[in-house]
Amino acid sequence: MESRTNIKLTDYYATSDLSLAAAIALFFPLEAVDRINPSKSQFLFKRNEHLDQLIENFWRNELTVEPQAYFNQIKAIKSRLYTEKY
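Residue numbers 3 to 88, in my numbering, belong to the letters of the sequence shown in order.
Encoded structure:
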């Protein structure tokens, strides 16, 4: 994480999985993108019990989302990823 940000990482869930990040972002705001290095980034979401349950449902294939909204969210995250300055 860049030194100019004051994010307490224990309060956030981080993932580098774009498909998971897109699913989460349908329900929770994407708080930050942490560029680990030029070829890898992590997406940060504010942690709470609802987020943890959503992640469990995602990995159990129990999360249902509207396909067009999910696709649009992937595009929005990619756009944010590639347009924000390092």
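Ideal placement from N, C-alpha and C gives every residue a C-beta, glycine not left out. Since the structure is predicted, the reported quantities are computational estimates derived from the model, not experimental observations.
Nonlocal neighbours in the same chain, by C-beta distance under 7 Å from residue i, ignoring five residues either side
{"i": "Ile38", "result": "Gln44"}
{"i": "Ser81", "result": "none"}
{"i": "Ala27", "result": "Gln75 and Ile79"}
{"i": "Phe60", "result": "Leu22 and Ala25"}
{"i": "Arg49", "result": "Asp13, Tyr14 and Tyr15"}
Of the listed residues the options, nearest to residue i (C-alpha basis)
{"i": "Pro69", "options": "Ala25, Ser18, Thr17 and Ala34", "result": "Ala25"}
{"i": "Glu51", "options": "Val35, Ala71, Phe30 and Pro40", "result": "Phe30"}
{"i": "Asp13", "options": "Leu53, Ser21, Pro40 and Tyr72", "result": "Leu53"}
Neighbourhood of residue i by C-beta, 6 Å cutoff - its chain only, sequence neighbours within 5 removed
{"i": "Ala34", "result": "Leu46"}
{"i": "Ile57", "result": "none"}
{"i": "Glu4", "result": "Here Glu4 scores only 44 on pLDDT, less than 50, and its place in the model should not be relied on; the value that follows carries that caveat. Correct list: empty, nothing qualifies."}
Status (buried if at least 16 other CB within 10 Å, exposed otherwise) for residue i
{"i": "Tyr15", "result": "buried"}
{"i": "Ala23", "result": "buried"}
{"i": "Gln55", "result": "exposed"}
Residues near residue i in its chain [Cβ-Cβ closer than 8 Å; skip 5 each side]
{"i": "Ser18", "result": "Ile38, Lys42, Ser43, Gln44 and Phe45"}
{"i": "Leu83", "result": "Val35 and Ser43"}
{"i": "Val67", "result": "Ala25 and Leu28"}
Residue i: first and last residue of the uninterrupted beta strand (DSSP E) it sits in
{"i": "Ser81", "result": "It is not in any beta strand (DSSP E) - Ser81 instead sits in the alpha helix (DSSP H) that spans Pro69 to Thr85."}
{"i": "Ser43", "result": "Lys42 to Lys48"}
Identified DSSP bridge partners for residue i
{"i": "Asp36", "result": "Gln44"}
{"i": "Ala16", "result": "Leu46"}
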